[in-house]
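Numbering (the numbering used here), first residue to last: 2 to 277.
Just so you know, even glycine gets a beta-carbon here, dropped at the ideal spot from N, CA and C.
The structure presented is a predicted model; accordingly, all values stated were derived computationally and were not measured.
Each remark here refers to the structure printed beneath this line.
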Amino acid sequence: MMSAARNFMSDNSRQRDEENLKEDSPTSKRAKLEGRFPLTRWELAAAVSVFLLFSTGLFSIFFTMPAAEYSKIKLPRSVSDLRVLKDHLGSYANDYQARFILGYCSTYIFMQTFMIPGTIFMSLLAGALFGVIRGLLLVVFNATAGASSCYFLSKLIGRPIINWLWPERLRFFQAEIAKRREKLLNYMLFLRITPTLPNTFINLASPIVDIPFHVFFFATLLGLIPASYITVRAGLALGDLKSVKDLYDFKTLAVLFLIGFVSMAPTILKRKRTYE
2 MMSAARNFMS DNSRQRDEEN LKEDSPTSKR AKLEGRFPLT RWELAAAVSV FLLFSTGLFS
62 IFFTMPAAEY SKIKLPRSVS DLRVLKDHLG SYANDYQARF ILGYCSTYIF MQTFMIPGTI
122 FMSLLAGALF GVIRGLLLVV FNATAGASSC YFLSKLIGRP IINWLWPERL RFFQAEIAKR
182 REKLLNYMLF LRITPTLPNT FINLASPIVD IPFHVFFFAT LLGLIPASYI TVRAGLALGD
242 LKSVKDLYDF KTLAVLFLIG FVSMAPTILK RKRTYE
């Protein structure tokens, strides 16, 4: 009986050793890694290459700009940071307007392409430095260009990332798009105008759910105007702004949703006629 027990323990020990060897094998490690990180080596290499290409272009622009006190210039993360930045950049933006706008646009598009938080502060800065009309044109141009870059980047490597981060939301979005194929531009306008879905998610998910680029582009270009106008206009009065949350109070959100529902009116009317 003791011999049988020893054999049983020996078999269990061998089985555990084999399982440990399997877990330590390169194949097992690769499977675990793929379970945690969604990109393959080639997709990761493509993403890094695109990031380095954009980064090189951005740094090249900044290195050729006139000298400034760079120690005082940083990406703002709060309204107080933004006030300090505006004070330091006011005269510089006036003295080197064309070069400053090039640097501003490059930074905004870079942040929007790679989903770096803080573009709302860049929009406020545009209003503070350039006024409502020029600031609005700059913000809408940069937001559309950055969203378009993000769209094509997602087309290249986005599917595994968005399936990894937001699988449920992606399935919901795909179902909604499938139901609204005939009036897709109206629905995309509604999403852009209202805060129903985050813009980052829309940029990433649109090529995955087969939204044509021309629909994505025009919905972004037109749909971002109302919210951009609110943000740029608020930039004129940075002294009165305590927090970014103050930008979108109940009244502002109600206006945005009203504009959004107006953009959906053709779709709603068509459905009503169909049921009649």
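Residue burial classification, residue i (beta-carbon count within 10 angstroms, cutoff 16)
i, result
"G36", "Since pLDDT at G36 reaches only 49, below the 50 mark, its modelled position is unreliable, and the value read off the structure follows with that caveat. The residue is exposed, with fewer than 16 neighbouring Cβ atoms inside 10 Å."
"Q113", "buried"
"N95", "exposed"
"I117", "exposed"
"T65", "exposed"
"F251", "exposed"
"I110", "buried"
"G147", "buried"
"C91", "A quick correction: the sequence has Gly, not Cys, at residue 91. Its Cβ having fewer than 16 others within 10 Å, G91 is exposed."
"F174", "buried"
"A206", "buried"
"T57", "exposed"
"G136", "buried"
"L259", "exposed"
Presumed contact (8 Å Cβ cut-off) between residue i and residue j, rounded CB distance
i, j, result
"W165", "P67", "About 43 Å separates the two Cβ atoms, so there is no contact after all."
"R193", "T221", "6 Å"
"G104", "I62", "6 Å"
"L237", "A127", "The Cβ separation is near 10 Å, so there is no contact."
"T145", "L225", "7 Å"
Collapsed DSSP secondary structure at residue i in the structure displayed
i, result
"F115", "coil"
"T41", "coil"
"D18", "Here D18 scores only 47 on pLDDT, less than 50, and its place in the model is too uncertain to base an answer on."
"L76", "coil"
"M66", "coil"
"Y188", "helix"
"Y97", "coil"
"K30", "Caution applies to K30, whose pLDDT of 41 falls short of 50 and renders its modelled position unreliable; the value that the coordinates give is listed next. In this structure, K30 counts as helix in the three-state DSSP scheme."
"M123", "helix"
Boundaries of the alpha helix (DSSP H) in which residue i is found, first to last residue
i, result
"E169", "168-180"
Item to complete: Quick one: which unbroken alpha helix (DSSP H) runs of 4-plus residues sit fully inside the segment 190-251? Chain order, please.
Response: 200-206, 214-224, 226-235
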